[in-house]
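Count along the sequence shown starting at 1, add 12, and that's the number in this note's numbering.
Ideal placement from N, C-alpha and C gives every residue a C-beta, glycine not left out.
This report refers to the structure that appears directly beneath it.
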Amino acid sequence: PPAQSNAVQCSRTGRRAASMAGNLSSSAPRSVSLSKLQALNGLFAIYKTQGPTSADVLNKLKEALLKEAGVKNPNPRKRKKQDLKMGHGGTLDSAACGVLVVGVGNGTKMLSTMLAGSKKYTAVGELGKATDTLDATGTVILEKDFEHITRVAFEEKLKIFTGDIMQVPPLYSALKKDGQRLSVLLKKGHKVEAKPARAVTVYSLTLQEFKPPLFTLDIECGGGFYVRSLVDDLGKALSSCAHVKELTRTKQGQFTLKDHALREEHWTLEHILHSMQPCPVSEDHSDCIKPPEADTRSVQNTPE
13 PPAQSNAVQC SRTGRRAASM AGNLSSSAPR SVSLSKLQAL NGLFAIYKTQ GPTSADVLNK
73 LKEALLKEAG VKNPNPRKRK KQDLKMGHGG TLDSAACGVL VVGVGNGTKM LSTMLAGSKK
133 YTAVGELGKA TDTLDATGTV ILEKDFEHIT RVAFEEKLKI FTGDIMQVPP LYSALKKDGQ
193 RLSVLLKKGH KVEAKPARAV TVYSLTLQEF KPPLFTLDIE CGGGFYVRSL VDDLGKALSS
253 CAHVKELTRT KQGQFTLKDH ALREEHWTLE HILHSMQPCP VSEDHSDCIK PPEADTRSVQ
313 NTPE
């Protein structure tokens, strides 16, 4: 059947995907056709490891799928006449890991809408040291005492960072000036001014572990929020300084790390068909599967 017909049927029932996956594993040849891959329309989540950029991870995913489809020497980075239309929503820093939501086909148009809900993170911070990037990848630029900080005092300060707050984004970020990322400009030696403070929302903020100098936070936030800025501001509020040592995104939209994020060994058409939330081919995207009620808040994508 035509690619468009396959995608429409998938979006109506959600069952065709599982059926195709079953047929693929049992009777189809190892190398699947490119047309089946190009018929995909929807959203799914993958696991981003610590180290590569979100764009690098997406290109690696595209390359793996194109090779599986029999495309020789695939070039996932080419923009014109792409063999596979794919994008990601909610950039994760190179040093961060966790849920990265991917849109394929018409799903790319739904990334901003489908990911309008809250995001959840687990962050490990270190008191007493501040870095220029606000995380462990940067250079230590300040050291201060932290022995005076108690768990009670720490938890009390968390209250001022909960709810609707103003936050200044980090200089090293995916935000752009004159079309270039601030982080790239800084690495090239350009002088970059801090972006103005902007309104962000923190739905919940809890201290899970406190073993100075290390501490672990669980964070649920809206769009435009930077965990690195939170930890830096928190250190200052405690009359010390701090930076992020580890950052994991555990939830993005309706996709969770535990239940939905595909590891690299599962970056195959079969596994994607099983986990994908399908979207229709038509311009009317109302049939796309909506996030749960808790995730339908109207906010922007989280950049970190």
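Leaving out the 5 sequence neighbours to the left and right, which residues in its chain are closer than 7 Å to residue i when beta-carbon positions are compared?
i: D176; result: A211 and T213
i: T151; result: T143 and D144
i: P64; result: S106
i: K156; result: G140, S252 and C253
Nearest-angstrom Cα distance between residue i and residue j?
i: A49; j: K257; result: Inspection of the sequence shows that residue 49 is occupied by Leu rather than by Ala. When rounded, the distance between both Cα atoms is 38 Å.
i: T134; j: L78; result: 33 Å
i: P86; j: F158; result: 52 Å
i: K223; j: G140; result: 13 Å
i: L70; j: V164; result: 42 Å
i: A273; j: T280; result: 13 Å
i: V239; j: G137; result: 10 Å
i: C291; j: L123; result: 11 Å
i: L73; j: D95; result: 13 Å
i: E205; j: P181; result: 11 Å
i: I161; j: L217; result: 18 Å
i: L269; j: G54; result: 18 Å
i: G226; j: E277; result: In the sequence as displayed, the identity of residue 226 is Leu instead of Gly. Approximately 33 Å, taken between the alpha carbons.
i: Y184; j: S66; result: 15 Å
If you follow the alpha helix (DSSP H) that residue i is part of, which residue opens it and which one closes it?
i: L96; result: Where L96 is concerned, there is no enclosing alpha helix (DSSP H), given that its DSSP letter is neither H nor E.
i: H255; result: Careful: H255 lies outside any alpha helix (DSSP H), inside the beta strand (DSSP E) at A254 to Q264.
i: R284; result: Reading the sequence as shown, one finds Ile at residue 284 and not Arg. Where I284 is concerned, the enclosing alpha helix (DSSP H) stretches over L281 to S287.
i: A249; result: V239 to A249
i: Q62; result: Neither: Q62 is in no alpha helix (DSSP H) and is coded neither H nor E.
i: E138; result: No alpha helix (DSSP H) holds E138; the beta strand (DSSP E) holding it covers K131 to L139.
Can you have a look at residue i and say buried or exposed, based on whether 16 or more other CB atoms are within 10 angstroms of its CB?
i: Q220; result: exposed
i: S45; result: exposed
i: K131; result: buried
i: K60; result: buried
i: S251; result: exposed
i: A209; result: exposed
i: S287; result: buried
i: I284; result: buried
i: E232; result: buried
i: L259; result: buried
i: K171; result: exposed
For my contact list, residue i and residue j are in at a C-beta cut-off of 8 Å; report their separation, rounded to the angstrom.
i: R261; j: G110; result: 3 Å
i: L242; j: F173; result: 6 Å
Please work out which residues of its chain come closer than 8 Å, Cβ to Cβ, to residue i, disregarding the five sequence neighbours upstream and downstream, and give them in chain order.
i: I153; result: A142, T143 and D144
i: T120; result: K97, M98 and G99
i: E167; result: L219
For residue i, report the span of its beta strand (DSSP E) as first-last.
i: S216; result: R210 to K223
i: E155; result: V152 to E155
Excluding the 5 residues flanking residue i on each side, which residues of the same chain have their C-beta closer than 6 Å to its C-beta?
i: F267; result: A57, V111 and V113
i: V116; result: L52 and M98
i: K249; result: The question names Lys, but residue 249 is Ala in the sequence shown. These residues qualify, in order along the chain: K169.
i: T228; result: V136, Q220 and E221
i: T149; result: A107
i: L146; result: P182, R240, D244 and H255
i: P88; result: N71, K74 and E75
Using a Cβ-Cβ distance cut-off of 9 Å, determine whether residue i contacts chain D.
i: H255; result: Structure shown: chain D not included; a single protein chain is present.
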